[in-house]
Structures are given as C-alpha cells and as structure tokens.
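First the structure, in the form of structure tokens, and then the observations on it.
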Amino acid sequence: MAPSRDAPDSGLTWRMLATAVLVALVYAAAVLPAFLAGPVWGAVAAVVAVAVAVLSARAADRLALYAMDARLVASDEEPELHAVVDRLCMSSGLPKPRLAVSALDMPNAFAAGSGPGSAVVCVTDGLRARLEPAELAAVLAHEIAHVANRDVLVTAIASFPGMCAGLFLGWWTGLITGRGRYGAGRAAALLAGVVLLPLGVAAAVLFAAGTLVGLALSRHRELCADSTGAVLTGRPGDLASALGKVTEVIRDASREDLRALRPVSGLCVVAVRGGGVETLLSSHPPLERRTERLSAISWRLESGG
Numbered sequence: 111m112a113p114s115r116d117a118p119d120s121g122l123t124w125r126m127l128a129t130a131v132l133v134a135l136v137y138a139a140a141v142l143p144a145f146l147a148g149p150v151w152g153a154v155a156a157v158v159a160v161a162v163a164v165l166s167a168r169a170a171d172r173l174a175l176y177a178m179d180a181r182l183v184a185s186d187e188e189p190e191l192h193a194v195v196d197r198l199c200m201s202s203g204l205p206k207p208r209l210a211v212s213a214l215d216m217p218n219a220f221a222a223g224s225g226p227g228s229a230v231v232c233v234t235d236g237l238r239a240r241l242e243p244a245e246l247a248a249v250l251a252h253e254i255a256h257v258a259n260r261d262v263l264v265t266a267i268a269s270f271p272g273m274c275a276g277l278f279l280g281w282w283t284g285l286i287t288g289r290g291r292y293g294a295g296r297a298a299a300l301l302a303g304v305v306l307l308p309l310g311v312a313a314a315v316l317f318a319a320g321t322l323v324g325l326a327l328s329r330h331r332e333l334c335a336d337s338t339g340a341v342l343t344g345r346p347g348d349l350a351s352a353l354g355k356v357t358e359v360i361r362d363a364s365r366e367d368l369r370a371l372r373p374v375s376g377l378c379v380v381a382v383r384g385g386g387v388e389t390l391l392s393s394h395p396p397l398e399r400r401t402e403r404l405s406a407i408s409w410r411l412e413s414g415g
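When we follow the numbering used here, the leftmost residue of the sequence shown carries the number 111, and every step to the right adds one.
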C-alpha cells in the first residue's frame, strides 16, 4: 500500500507552495541574464541548468557516502538493520533502499538518491549505539519518508541556481581582488571585474536568495518526513525521543567531532548546526517545533483522528 500520512496540515502546505514559488523565481532570475543576451542563449542556459541539476541529484548518494566514509552492507552483514528496513518498506509499499553504515561515533543518519529506485539510507555506529531499537526504527522511517518524498531530488533542484551563483561570485571576486595575478594581468582582471560589477551584484543577490530558499525548503521537508515517518511506525514518541538524544550529543560534541558530519549536515536527521539562528539560516526546524508536531500526531493517532 502507499505510505501512510497524517492529516493534511494546511499551514505547512501553504508554506511549501510559497517556497515552490520562490524556487521558481530563483530559477527565473538565474536564467534571465542569458535570455537578455538572446533567446538562443536563454534556451541553452535553461537546458544546461536542468541537465546539471539532474546530474547533481543522481551523484548525490555517491558523494554523501564518500564524505561519510560509509560502506554498503548486505543483509548477511547487518541482518537486524535490514530486518527493520524490510518491515518499514512492506508497510509503505516502497522498494527497499540500499543500506550503508558509517563507522563515525557521532549519532546521525541520512538518505540520499534521486528516487526510490536509487536511494541509499545510511546510519552511523554512534546512532545505533545510543538509540533503543524502537527509536532506531523511527529514525529509519524518517529517512525512508525522505526517499518516498524524493526530497534529495527536490533539494538539488532548489539549490542549483544558488550554487551556480556562488561559483560565479567566487570567480568574480577573484577578478576584483586580482588573486593569483600580477602586473598587467592584475590590472586587466580588475577592469573586467568592474565591467562585470552588475552581474556580480546580481550573483550575490541570487546566491543569498537561493541559499535562504533552499534552507526554507529543507526545513519544510524535514517536517514532512517527521510526519510521514511517525505515522509509518505508528509511534511518534519514538522519533521525538531519538531526536532529543541525537540533539543532546551534537550540542555537547567538540568541533572536531562535528566536522566529520558537516558535508552531509543538510541531509542528516539532525543538523550539525542549529543553535543560535534557528530560522533563516538553519536547514532543520528547531527541536521544539519538531517534538511539538510529533506530539500532535501522537494525539491524533491515539484519538483515532
């Protein structure tokens, strides 16, 4: 059967729609300069943007596993882990994702892949050591919900314009500062940077907008995955408990310990960074917001709503 979902949240739905509109505006701003140069250049820019976004999404799983020094595990290596995922996939009707394990002691988990047929779910040894079996199953259900919702593909598409703007911004600032250039070459680079100043400013605005939109989308997708995963197990309290344990360890961890998770922080069930500014500059909702939502789902399930 299809994955179970909780009752529709109109507020979350409207926020997702608003974010989708912002993503569309960011893409329009990214390709507009090319269209101003001519319809052919605009069409080429649009095709290249879509192609690179798709390629980025398809390579995301391999890059994430590499960053975490994780390895794929077969059912005979990790029978208990595979058994949990088997049960969740039977309940959701989804194809079983590949499973990977990272030897990191920091507790966390993530899902990557462009869709259910190519997905991978990874957990760290630190997560398995600190969670009870029911809590681990809740975290895995959360990650499988990401797979069902194609969150990695959506995130890659949303973040692509900002990524391109960031690359251009880095190249343009290199012209302005004359980095790595001397003499006449430095002067020519500075002149080119001044000529391209309007594009540099536009890239800075696009980069900031793309980053904020991508983070907003990520926060909404985390709430969706919390909801879907909690209903999938029927035990929202287990996920809330797991999130609390992981957050506590991350808050007390050293910078050296956190550095290993930062490349995939946006994909993790709990972000490496989240304290301080927990609104615009966070990829995950605050723990209090997530546990509040999970408590509401638990109440609905218990009341038969």
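The beta carbon of each residue, even a glycine, is placed where N, CA and C say it ideally should be.
With a threshold of 16 other CB atoms inside 10 Å of the CB of residue i, please say whether the residue is buried or exposed.
i    : result
G339 : buried
S405 : exposed
G148 : exposed
S364 : exposed
G324 : buried
D362 : exposed
Tell me which residues share the same chain as residue i and place their Cβ nearer than 6 angstroms to its Cβ, disregarding the 5 neighbours each side in the sequence.
i    : result
R331 : D261
L80  : Because the chain is modelled from 111 through 415, residue 80 falls outside the range shown and cannot be assessed.
W409 : none
D171 : A222, G223, V230
A156 : V141
P373 : A177
Would you identify the three-state DSSP class for residue i, choosing helix, strand or coil?
i    : result
S392 : coil
A370 : coil
L306 : coil
L182 : strand
R260 : coil
R410 : helix
R403 : helix
E398 : helix
L209 : strand
V158 : helix
Express the C-alpha separation of residue j and residue i in angstroms, rounding to a whole number.
i    : j    : result
A370 : S413 : 42 angstroms
E398 : A255 : 20 angstroms
G327 : E402 : Note that residue 327 corresponds to Leu in the displayed sequence, not to Gly. Going from the Cα of L327 to the Cα of E402 covers about 19 angstroms.
P217 : A244 : 15 angstroms
A184 : K206 : 12 angstroms
F317 : V356 : 31 angstroms
L306 : L175 : 38 angstroms
D367 : G236 : 11 angstroms
A177 : W281 : 25 angstroms
G295 : F278 : 19 angstroms
D215 : T234 : 7 angstroms
V154 : H394 : 35 angstroms
V382 : A144 : 37 angstroms
E188 : V257 : 21 angstroms
V380 : G303 : 40 angstroms
P396 : L377 : 15 angstroms
G293 : V311 : 26 angstroms
So, for residue i: in the same chain, excluding its five sequence neighbours on each side, which residues have a beta-carbon less than 7 angstroms away from its beta-carbon?
i    : result
G386 : Residue confidence is low: G386 scores 44 on pLDDT, short of 50, so the model does not pin down where it sits. No coordinate-derived value is stated.
I407 : D116, S337, A340, V341, P346
G276 : F317
Please go through the same chain and pick out, in chain order, the residues whose beta-carbon is closer than 8 angstroms to the beta-carbon of residue i, but skip the five residues on each side of it.
i    : result
L300 : L285, I286, G288
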